[in-house]
Structure formats: structure tokens, C-alpha cells
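Just so you know, the sequences run in chain order A and B.
First residue of the first sequence: 324, per my numbering; consecutive thereafter.
First residue of the second sequence: 324, per my numbering; consecutive thereafter.
2 protein chains.
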Amino acid sequence: MFESAELGHRIDKVIYDNEVPKLREALLEAQIDLAKLAKFQVIILISGVDGAGRGDTVNLLNEWMDPRFIETHGMGDPSDEELDRPMMWRFWRALPPKGKTGVFLGSWYTWPILNRVRGTTKTADLDQSLERAKRLERMLVDEGALVLKFWMHLSKDKQEKRLKLLEADPKTRWRVTQRDWKHFKLYDRFRRVHESVIRHTSTAEAPWIIVEGFDARYRSLTVGRVILDAIQKRLTETSSITSEVHAPPPLPSIDQLNIIKTLDLTQKMDKKTFQDELEKYQGRLALLSRHPKFQDITVIAMFEGNDAAGKGGAIRRISGALDARYYNIIPIAAPTEEERAQPYLWRFWRHIPRRGRVTIFDRSWYGRVLVERVENYCSKADWMRAYSEINDFEAQLVRHNIVMIKFWLAISADEQLRRFKEREKIGFKRFKITEEDWRNREKWEDYEIAVCDMVDRTSTEIAPWTLVEANDKNFARIKILKTLCQSIEAAINKL
Amino acid sequence: MFESAELGHRIDKVIYDNEVPKLREALLEAQIDLAKLAKFQVIILISGVDGAGRGDTVNLLNEWMDPRFIETHGMGDPSDEELDRPMMWRFWRALPPKGKTGVFLGSWYTWPILNRVRGTTKTADLDQSLERAKRLERMLVDEGALVLKFWMHLSKDKQEKRLKLLEADPKTRWRVTQRDWKHFKLYDRFRRVHESVIRHTSTAEAPWIIVEGFDARYRSLTVGRVILDAIQKRLTETSSITSEVHAPPPLPSIDQLNIIKTLDLTQKMDKKTFQDELEKYQGRLALLSRHPKFQDITVIAMFEGNDAAGKGGAIRRISGALDARYYNIIPIAAPTEEERAQPYLWRFWRHIPRRGRVTIFDRSWYGRVLVERVENYCSKADWMRAYSEINDFEAQLVRHNIVMIKFWLAISADEQLRRFKEREKIGFKRFKITEEDWRNREKWEDYEIAVCDMVDRTSTEIAPWTLVEANDKNFARIKILKTLCQSIEAAINKL
Numbered sequence: 324m325f326e327s328a329e330l331g332h333r334i335d336k337v338i339y340d341n342e343v344p345k346l347r348e349a350l351l352e353a354q355i356d357l358a359k360l361a362k363f364q365v366i367i368l369i370s371g372v373d374g375a376g377r378g379d380t381v382n383l384l385n386e387w388m389d390p391r392f393i394e395t396h397g398m399g400d401p402s403d404e405e406l407d408r409p410m411m412w413r414f415w416r417a418l419p420p421k422g423k424t425g426v427f428l429g430s431w432y433t434w435p436i437l438n439r440v441r442g443t444t445k446t447a448d449l450d451q452s453l454e455r456a457k458r459l460e461r462m463l464v465d466e467g468a469l470v471l472k473f474w475m476h477l478s479k480d481k482q483e484k485r486l487k488l489l490e491a492d493p494k495t496r497w498r499v500t501q502r503d504w505k506h507f508k509l510y511d512r513f514r515r516v517h518e519s520v521i522r523h524t525s526t527a528e529a530p531w532i533i534v535e536g537f538d539a540r541y542r543s544l545t546v547g548r549v550i551l552d553a554i555q556k557r558l559t560e561t562s563s564i565t566s567e568v569h570a571p572p573p574l575p576s577i578d579q580l581n582i583i584k585t586l587d588l589t590q591k592m593d594k595k596t597f598q599d600e601l602e603k604y605q606g607r608l609a610l611l612s613r614h615p616k617f618q619d620i621t622v623i624a625m626f627e628g629n630d631a632a633g634k635g636g637a638i639r640r641i642s643g644a645l646d647a648r649y650y651n652i653i654p655i656a657a658p659t660e661e662e663r664a665q666p667y668l669w670r671f672w673r674h675i676p677r678r679g680r681v682t683i684f685d686r687s688w689y690g691r692v693l694v695e696r697v698e699n700y701c702s703k704a705d706w707m708r709a710y711s712e713i714n715d716f717e718a719q720l721v722r723h724n725i726v727m728i729k730f731w732l733a734i735s736a737d738e739q740l741r742r743f744k745e746r747e748k749i750g751f752k753r754f755k756i757t758e759e760d761w762r763n764r765e766k767w768e769d770y771e772i773a774v775c776d777m778v779d780r781t782s783t784e785i786a787p788w789t790l791v792e793a794n795d796k797n798f799a800r801i802k803i804l805k806t807l808c809q810s811i812e813a814a815i816n817k818l
Numbered sequence: 324m325f326e327s328a329e330l331g332h333r334i335d336k337v338i339y340d341n342e343v344p345k346l347r348e349a350l351l352e353a354q355i356d357l358a359k360l361a362k363f364q365v366i367i368l369i370s371g372v373d374g375a376g377r378g379d380t381v382n383l384l385n386e387w388m389d390p391r392f393i394e395t396h397g398m399g400d401p402s403d404e405e406l407d408r409p410m411m412w413r414f415w416r417a418l419p420p421k422g423k424t425g426v427f428l429g430s431w432y433t434w435p436i437l438n439r440v441r442g443t444t445k446t447a448d449l450d451q452s453l454e455r456a457k458r459l460e461r462m463l464v465d466e467g468a469l470v471l472k473f474w475m476h477l478s479k480d481k482q483e484k485r486l487k488l489l490e491a492d493p494k495t496r497w498r499v500t501q502r503d504w505k506h507f508k509l510y511d512r513f514r515r516v517h518e519s520v521i522r523h524t525s526t527a528e529a530p531w532i533i534v535e536g537f538d539a540r541y542r543s544l545t546v547g548r549v550i551l552d553a554i555q556k557r558l559t560e561t562s563s564i565t566s567e568v569h570a571p572p573p574l575p576s577i578d579q580l581n582i583i584k585t586l587d588l589t590q591k592m593d594k595k596t597f598q599d600e601l602e603k604y605q606g607r608l609a610l611l612s613r614h615p616k617f618q619d620i621t622v623i624a625m626f627e628g629n630d631a632a633g634k635g636g637a638i639r640r641i642s643g644a645l646d647a648r649y650y651n652i653i654p655i656a657a658p659t660e661e662e663r664a665q666p667y668l669w670r671f672w673r674h675i676p677r678r679g680r681v682t683i684f685d686r687s688w689y690g691r692v693l694v695e696r697v698e699n700y701c702s703k704a705d706w707m708r709a710y711s712e713i714n715d716f717e718a719q720l721v722r723h724n725i726v727m728i729k730f731w732l733a734i735s736a737d738e739q740l741r742r743f744k745e746r747e748k749i750g751f752k753r754f755k756i757t758e759e760d761w762r763n764r765e766k767w768e769d770y771e772i773a774v775c776d777m778v779d780r781t782s783t784e785i786a787p788w789t790l791v792e793a794n795d796k797n798f799a800r801i802k803i804l805k806t807l808c809q810s811i812e813a814a815i816n817k818l
């Protein structure tokens, strides 16, 4: 695996001095073309062994490239903010937008490797981390990103020599720490783990690029040239990736029975019972949110439903019981310009709350498999891969003690019509009804199929859907509050 | 996940009797079109819970469909032959060729699920198995196969009811065993594992199709319709999958140094030393192959190299030391018709030996990333994904105690020219030199790049490449024999 990176590659100073100005000019031009086109982002990981020039390479890239279009992220120990959220959050928040380049010194590989070498995790754990990394990278590539993973390598001899050289020079002595020598003693162990990482995660779409790190000129010129070649090649690829899928068609509905049609929408709750129950569950929720253990969990409640199903009203019954400092309501509408320049899930990752907080999503990441599917806002390949990306996303949240509660508010077509008409009549509600609502209504059947597919594919034990019969608002609101209280109680009791 | 398959789906007898004849006719027609086109195969997995009608469904498919184009494989306990080889071998040997349909009752999911439910494996082990399954399926889809994974589901109540119904009927009583009731008691445990399996392996290209199994008519009609729809859809998809990859270009050779160029091809061995060494290592090999522990390992030695590098001669020096009953030499030439109708690796899987045997491959699965890459016999996407598929393949072999030894025989361009000319002069060697050899020679540089990439990407700790300096035949042959002996000794000592 490391054969070609142990040959003693080097570049003469004369050649180097001759090549660099041309390379720098070309890199700047490529950056500007990339920014103008703004069709994809470049994600560069700089990984490898100690002393192989990772930091120097990053510094050099910053020197060579236009700072307007490049961002560097040194991923050291995570901050408090970051520890309070799932591991991948820190990488998501640092993703460069389309048109820009993001350089990561330290990546989603750093900790899995260190933990395995130190023996705090087993091979199977490492494999799980690597599969997660692969899924992340595949998603990034599917979303259009150019992912360049550099691995700076040194043979054992060369690592020792390089650490000694750095130590001998007063200008660089401070860079060699106890930790570096401790790692050097573990060279063979590191090498085995590194090899396994590279073998498992060198995919066709994002292979590792292994660079011998000893000679600074060779290393710098190689990294620069690979980046330049890759960006230029991608810029000239006229056709975007045709990610057509050969997938079997969905389950035919041969008996007209589906999960939505079986809901009993006639369920009702009278006003008196509603008032009593509302008081009871809002009180319970308020107490729960003040429970000492609440500081160790995070709550995400997510609302999807037919138009006019009463999401807003239900959400207000929840927020009414909470302390305004500790909750957030995120209405999901058309993405902003900034959001459009990022992979789809970015706009949701950015709102993942810290521990001890509640975040309520009014519509959500399921838009991909609902409105975007039905209205052809994305390709079939995009929404088909979304199911597993979403399951993956939610699994990461749940692994981090996030209580994930997903509501689908269902009303009948007749009830929707009644509410639409009512909205048109009442002044202060008129803003809530648009042409688009009427258009969506015409696709009732298509939406119903999409909802059933969504529930079948994403209602999991760790993040189940709660289907709410919402023709009667009182009944729906209490069912929602009750489910929320029970889920939070279960999570607190499990701690 | 199982919501839609617990609704109590059923189909009336009248409707069923009306639908079935039409469905059967259409299925037969689709089968014939599939066979005529012979562009892809259909792989159907029938999985699910006990009593959900898996066996009945397979019987029905065999009744409905044309037996010339369908094969059924009941994958029960593995045979002696199968236990002697890596787990996936039994599935590879059972793959249907293009144009046909293969139905698997029991699959690569069966044992991982059972082992997890019984607690003999951990979640991380299950995850590893599932990732392997996903990689296999992705490869099958990339190779063109239509993969349909059916999951027959029953709710807990329905499973109990169905087992009791089967028991009550004298005609089916024998089908309910102690094991079924034992599994029923573990229903919740099974359900959790099943859910996790379905969640992890419902990919865009091969999603699980969950079918409620209680009502035989609903189940049968659904499965039949899905198969029909999927085949018809695939037949009409004119364009084959354009698996273009957005991958970074290979490492530029900025200093003209590569792993092949650094080999010292001047190394020589005189005739006398050669005779002594040959006797020594052939004797050692003969003894090793008769070692009692040799029965517990399997040896695969694989030869690649430049044309005229002396693969044949080296192989004869090995086989000369072995008992003819225990070794096999597999020359890899252009694939047969049968092999062309299968995924690429099939032609190698079929030759994987039992324990206690030696198999020597004269050229190998690396053809994909050498000649097929250089001569454009396959698409770029195909050879780029081949590296990880090959690493995966070899990892499976090594996990099964197979000693994997890979030789690259390198000669210089001058030496090759000398040997080509010699071959043309000597009568009995003339058959060994063709126009193609001269043509390949013109692409010396392209081949060298491909070889370096191959070594970098597939020389792993578990299956390293041995580069053999082969300008001097004596030197090369001894290096090969010595490496072989050492690898086998290491494997025996590890047992």
C-alpha cells in the first residue's frame, strides 16, 4: 500500500523553483473558475503520519491559493459546543460551500485511528467508523463535491530521521513533542491501522492519494499538482454525474390498503376533556424540561403533515409549556442561497441543538422524499438515496442521546377542503392559503404514496414515526403532547 | 419499518383467480424477453420470518415461471465442500447467468441474523456482515444484475396464528417444528435484529421489499407483480447504467520515479548456486505440503508479469515439487461464454480450492486493472471500482485461512525484446509469441503506470505483492520458491 511512497522521491531545487510559479498561477485561475461556476465544492483532507509535513502542506496551500476561496479547518480536540452534539456536527458546520475549497487538517479518520492504536476500541469498532466515513463521503460525492484525501506517508526510518531533523533545527524544535516520539515507538502498530483504513476507504469516487512526505519540494509539488489536475478535470466535465439508479419499482398497491387509509380519522376529544388533558400534559412537559437529567439529553421534535393539518397549532401547545431560553422552532421553507450551496442535509445539521435543549422542526429533511419527490424538484436517484441518508443521519442523532420524535399529522381530503375554504374566509388566516396549496391538493394520491413509502422506510425502532389522526385538533394536540412526554420520560429513565 | 406489512392486507379469491392467469402469462413473456436479451440476470432473495410463506412463494414462482430460465437455491446448512471455502463461495457458485433468474431461499443474511439473535455475535459483528452484504450487492448491481430482496413479514399475533393454522392442518402439520416455536418465543428479539438489518441494507439500488405474509393470495400476487414490474422496467431501460465516476486523476509522476523503475534487474544467480537452491527449496516445499497442518490451510499463488517474463517456467518449478492430486494450475485467458454471462469475479471464485490444496493462477483477477484498463476493454468506472472489489475478495480469502501469494515478474524492455526475438527463432517456442505481444509492447509506459497503481492499491498486509526481478530466470525462480516456502511456513506456524 505504501510501496510507491517509500521510494525516496525528491525534486531538485532548480526544477522546483521553475515549476512553482506556473503551478501557483494555474491554481489561482482554477480557483476563480471554480468560484464562477459554483457547481461543486472541493473538500481536501490532509492526513498521514507525524512529521510527514501535513501542517506545512496546509500552510503552503494557504500561501499559494486565493484566500477568498479557501478555508482551513484544523480539527483538534473538540470544543464544548462540539462535544455537546453528534461527532459529525463539527465537520458539517465546516463544509465549504459550492465554489470554494475547504482544507481539513484532521478529519473523521483522526479519532477512529487513534482510538484503535491505543486499544480503546476493537477492529469491529474501527470498521464501523470507517463505514460511516465511507457513507459520508459517498453522500458528499453524490451531492457533487470533489473529495481529495491526501495521506502523507513516511517509512519508519524516514520518520525517525525527520523528527530528528526537526528537533535539531532551533526554528522547528518546538514542533516535535513527547507525543510525537511516543507515536514513533508505536510506528508498526500505526502502520497496520493506517493500512487497514486506507484499504477500506479507498473508494472509486474518493480514493486515498498517498504522498511520500520526506522531501518538502516533492510533497508540495505533488499535492499542488493533484489539486490542480482534479479541479481542472472536474471543471471540464460537462455532463454532471448521471446518477440514474436501476432500482426496482415501488410495491404496487394491489388491495388499495395503506397505512394512511387505515387511520381512524373520526377520533375526537370534547372541549372539557381537552382542557383537562392539556393542563395535565403541559404541566408534565414543563416539569420534565426542568428535571436535572434533562441537561443530559437533547430533544428534537419534528412535524410533517398534510397542508392545513394543524402543525402550527400543535407546536404552539408544546412551546407554551417550555422556557423560551431552551427551545427553538425551526420553520423549514425554501432553502436560502447559502443552504443551496451545501449538501442537502447541511441545512438541518446546522440547527442541531446542544444538550438540554429542545428543537422543533416545522417541516424537515423529509421534504426530500415528499414534496421534492412528488414535484420532481430532485432526480429519482436523489430521493431514493435519501432514505438511507436520513436513516443514517437520525442514527447519528440517536447515538448521541438525542430523543428523536417524528409526527405525521394526517387529515382527510374533505377536512382539508373545509379548512382551506375557512382560511380564505377569515382575514387573519388568509395569508396561510396560497395557490400552491390548491395545486398540491390535486396530487393527493401521489403524496399519499410518498408518505407511505416514507413511513415504511424511515420508521425505525430508534426513530419511529407517530402518525397523528388530526381531523379533530383537540385529539391531535393531546396525542402529540402525550407522545412527547412519554418519549422524554423514557429517555430520562434510561440514563 | 413494518407498518405497511401489518395492516391485514388480503385479496379476494375472485380477484385473485382473475388476476393470476394474466400475471403468469406476462411473467412468462418477460422471462423470454429477458433470456433473448441476456443483458442482465435477476437475483431474487426470499427472506423473512417463519411461517410467512417463504417456501410457498418459492414453490409458486417455480410453478408460474418457465423452468428453463429459473433456478432455485435453498441455502440451508452449508455442505462439507462449502465449509471448506469462504462463506460467500456457495452464493457465487449459485449465481444465475445473464438472461436467467435465480431464487434464493436463505441468503447472505440468514446466518448473520441467526447468530446475532442467538447472541453468539455482537452488534458490531452484525454490522460488519451487513456491510459485506451491501458491498456484494452493490457489486452485483454495478455488474448489471437486477437484485430483488423480498422480506416476508408477520406481526407477532399473525405469526402465532399462522403457526397454529399450519399445525392444525394435517397436510401442513409437518412444516411446523420445535425450532419454529422456539423462534416465536424470541419474536421481539428477532424483530429488533430484522429491523436493523433492513434499515442498514435498504439501499437505493437494492431496497428491501417488505410483504405482509399472512394472506397467501395477497403475498403471491404482490411478489409476482413486483418481479414482473421490475423485469419489464429494466427491459425497457434502453441506456445501460452510465456508471461514470467523478474521481480525481491518478498521482502525477513528477520525478519519474516509480516502484517498477527502482527494481534492481541486474540481480543474477549462477547455475551452480541455482541448482543447489532449487533442490533445497523444492525439497522444503514438498515437505511443507505433506505437513499434517497443511490440511488446515489453502494456498493460492498468483502470477502476473510482463509478457515473456517467465511465469510458466517459474510455475513449473513449483508444481514439480507438489503431489499432482493436490494442486491445480489455472491459466486465465479470454473468458468463456459462461464466464461472460457472470459478474467479473465469478470466473475466479469458481476455482477457489478446498482446504489442503494449492491453486496456481497464471494471470488473474488483476487483468481488470491491467490489460482491461490499458486496452479500454472495460469502462473507467469498472476498473476503478475493481481495486476495492479485489481487496474485498482477497480479504474474504485470507479470513478463511487462505495463504494468498501474489507475484509480479518484472523484466526490462530490452530483455523482453531479446526474448521475443529468441522465441521467433526457436521452433517450439514460436507459438508463444503473437502479434498481440508486439502490440502490448508498444504500450510499455501505460502498462507500467497500471502496474504501479495496482501495487499501491492492492498490496496489503494481508495479501502483499512480491515484486520479482526476473531478467535472470534463475534468480527469479529461487526468489519465488523461497517466498512461497516462507509464506506457507508462517501460515502453518500461526495455526
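Backbone N, C-alpha and C fix where the C-beta goes; we use that ideal spot for every residue, glycine too.
The model shown is predicted, which means the values in this text are computed figures rather than measured ones.
Excluding the five sequence neighbours on either side, which residues of its own chain have a C-beta within less than 7 Å of the C-beta of residue i, listed in chain order?
i	result
E342 (chain B)	L544
I756 (chain B)	F743, R746 and E747
K805 (chain B)	Y604
Applying a beta-carbon distance threshold of less than 8 Å, which residues of chain A neighbour residue i?
i	result
L544 (chain B)	I577
L471 (chain B)	P571
When the Cα atoms are used, what is the spatial distance from residue i to residue j?
i	j	result
E676 (chain B)	M625 (chain B)	Sequence inspection shows Pro at residue 676 (chain B); the Glu mentioned does not correspond to that position. Looking at the two C-alpha atoms, the distance is approximately 13 Å.
W531 (chain B)	L732 (chain A)	26 Å
F427 (chain A)	R691 (chain B)	34 Å
I338 (chain B)	K584 (chain A)	21 Å
F507 (chain B)	L406 (chain B)	29 Å
W434 (chain B)	I803 (chain B)	39 Å
E560 (chain A)	F363 (chain A)	12 Å
I713 (chain A)	E698 (chain A)	19 Å
Could you please give the first and the last residue of the uninterrupted beta strand (DSSP E) stretch that includes residue i?
i	result
D480 (chain A)	Unbroken run through D480 (chain A) is the alpha helix (DSSP H), K479 to A491; no beta strand (DSSP E).
P654 (chain A)	Y650 to P654
F473 (chain B)	L469 to H476
What residues from chain B crowd round residue i, counting only those whose CB sits closer than 7 Å?
i	result
T424 (chain A)	Correct list: empty, because the minimum Cβ distance to chain B is about 13 Å.
L804 (chain A)	What L804 (chain A) touches in chain B: nothing, since even the nearest Cβ is about 23 Å away.
T783 (chain A)	M324, E518 and R522
By Cβ distance, which residues of its chain are closer than 6 Å to residue i, with the 5 residues on each side in sequence left out?
i	result
E460 (chain A)	V470 and A529
E394 (chain B)	P419 and G425
R496 (chain A)	E490
Give me the chain A residues within the contact set of residue i, using Cβ-Cβ distance strictly less than 9 Å, ordered along the chain.
i	result
L668 (chain B)	By Cβ distance, chain A contributes nothing, its closest Cβ being about 16 Å from L668 (chain B), past 9 Å.
What are the start and end residues of the alpha helix (DSSP H) that includes residue i?
i	result
Y510 (chain A)	Y510 to T524
R711 (chain A)	In the sequence as displayed, the identity of residue 711 (chain A) is Ser instead of Arg. Start and end: K703 to R722.
D379 (chain A)	R377 to W387
K744 (chain A)	A736 to K748
K796 (chain A)	K796 to K817
Considering only residues of the same chain and omitting the five flanking positions on each side of residue i, which have a CB-CB separation below 8 Å?
i	result
Y649 (chain B)	S612, G679, R680 and V681
Interface residues of chain B around residue i at Cβ under 8 Å?
i	result
E454 (chain A)	D450 and E454
Show which residues of chain B have a CB atom less than 9 Å away from the CB atom of residue i.
i	result
H332 (chain A)	I577, D578 and L580
(message) By the 7 Å beta-carbon criterion, what residues does the segment 523 to 535 of chain A contribute toward chain D?
(response) You won't find chain D in this structure, because its protein chains are A and B.
(message) Three or more C-beta pairs under 8 Å: does that hold for the segment 512 to 523 of chain A against the segment 439 to 447 of chain A?
(response) Short answer: they touch.
(request) Could you tell me whether the segment 579 to 597 of chain B touches the segment 473 to 493 of chain A, using the rule of 3 or more Cβ pairs below 8 Å? (result) Verdict: no, contact absent.
(message) Is it the case that the segment 370 to 390 of chain A contacts the segment 535 to 554 of chain A, given that we only count it when at least three CB pairs across the two stretches are under 8 Å?
(response) Between the segment 535 to 554 of chain A and the segment 370 to 390 of chain A there are three or more C-beta pairs closer than 8 Å, enough to call the two in contact.
(request) Answer yes if the segment 661 to 673 of chain B comes into contact with the segment 681 to 698 of chain B, meaning at least three C-beta pairs across the two stretches below 8 Å, and no otherwise. (result) Taking 8 Å as the limit for Cβ pairs, the verdict is that the segment 661 to 673 of chain B does touch the segment 681 to 698 of chain B.
(message) Would the segment 720 to 735 of chain A count as touching the segment 630 to 648 of chain A if we require 3 or more Cβ pairs under 8 Å?
(response) Yes: the two stretches touch, three or more of their Cβ pairs being nearer than 8 Å.
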